[in-house]
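A quick write-up on the structure given underneath.
Numbering (the numbering used here), first residue to last: 64 to 204.
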């Protein structure tokens with residue numbers, strides 16, 4: 064019994080194309096969600112700047128959670144554990160950093176991330192929170 068090498072090659076090409084189409088659709092959805100999240104964050108920053116609460120100095124935590132490091136950022140924490148925040152310019156941050164002696168003395172400068180619509184999605188039960196709820200909790204306690 065012989066197999067058709069051309070059929071196998073076509074099948075591999077079809078699977079590769081289907082996987083790429085799926086990856087493209089996921090990326091498109093992620094970009095659309097981030098764009099919507101940026102709009103929500105911009106509205107939040109505008110309201111918080113006018114009506115409060117005042118921004119605070121943001122600190123990052125070490126990956127193991129034992130240390131806290133200064134950052135040059137001011138803004139608002141979105142989670143009670145202070146692991147996610149928005150700065151006064153509307154950038155979204157995951158405030159974790161590797162522990163090091165330099166970080167203890169000089170602090171760290173986290174890079175902004177694309178904001179999600181659900182904070183902690185895919186985490187343990189009870190750890191995910193809609194961005195809208197997180198922003199509202201900051202504004203209204």
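Built from N, CA and C at the ideal position, the CB exists for glycine as well.
The structure presented is a predicted model; accordingly, all values stated were derived computationally and were not measured.
Inter-residue CB distance, residue i and residue j (contact presumed, cutoff 8 Å)
{"i": "residue 206", "j": "residue 91", "result": "Given a span of 64 to 204 for the chain in the structure shown, any question on residue 206 remains unanswerable."}
{"i": "residue 153", "j": "residue 105", "result": "5 Å"}
C-alpha gap between residue i and residue j, whole angstroms
{"i": "residue 122", "j": "residue 158", "result": "7 Å"}
{"i": "residue 128", "j": "residue 143", "result": "14 Å"}
{"i": "residue 161", "j": "residue 137", "result": "20 Å"}
{"i": "residue 101", "j": "residue 156", "result": "12 Å"}
{"i": "residue 199", "j": "residue 109", "result": "13 Å"}
{"i": "residue 254", "j": "residue 135", "result": "Absent from the model: residue 254. The displayed extent of the chain is 64 to 204, so no value can be given."}
{"i": "residue 131", "j": "residue 70", "result": "58 Å"}
{"i": "residue 82", "j": "residue 99", "result": "26 Å"}
{"i": "residue 74", "j": "residue 93", "result": "29 Å"}
{"i": "residue 116", "j": "residue 204", "result": "9 Å"}
{"i": "residue 190", "j": "residue 114", "result": "28 Å"}
Three-state secondary structure assigned by DSSP to residue i
{"i": "residue 96", "result": "helix"}
{"i": "residue 172", "result": "coil"}
{"i": "residue 43", "result": "What the structure shows of the chain is the stretch from 64 to 204, and residue 43 is not part of that stretch, so it cannot be assessed."}
{"i": "residue 110", "result": "helix"}
Under 7 Å between C-beta atoms of residue i and residue j
{"i": "residue 97", "j": "residue 177", "result": "yes"}
{"i": "residue 193", "j": "residue 201", "result": "no"}
{"i": "residue 173", "j": "residue 139", "result": "no"}
Heavy atom of the ligand GTP within 6 Å of residue i beta-carbon
{"i": "residue 147", "result": "Among the ligands in the structure shown, none appear at all, so the ligand GTP cannot be discussed."}
Residue ranges of each beta strand (DSSP E) within the region 100-155, 3 or longer: Listed in chain order, the complete beta strand (DSSP E) runs (minimum 3 residues) inside the region 100-155 are 119-125, 131-140, 147-150.
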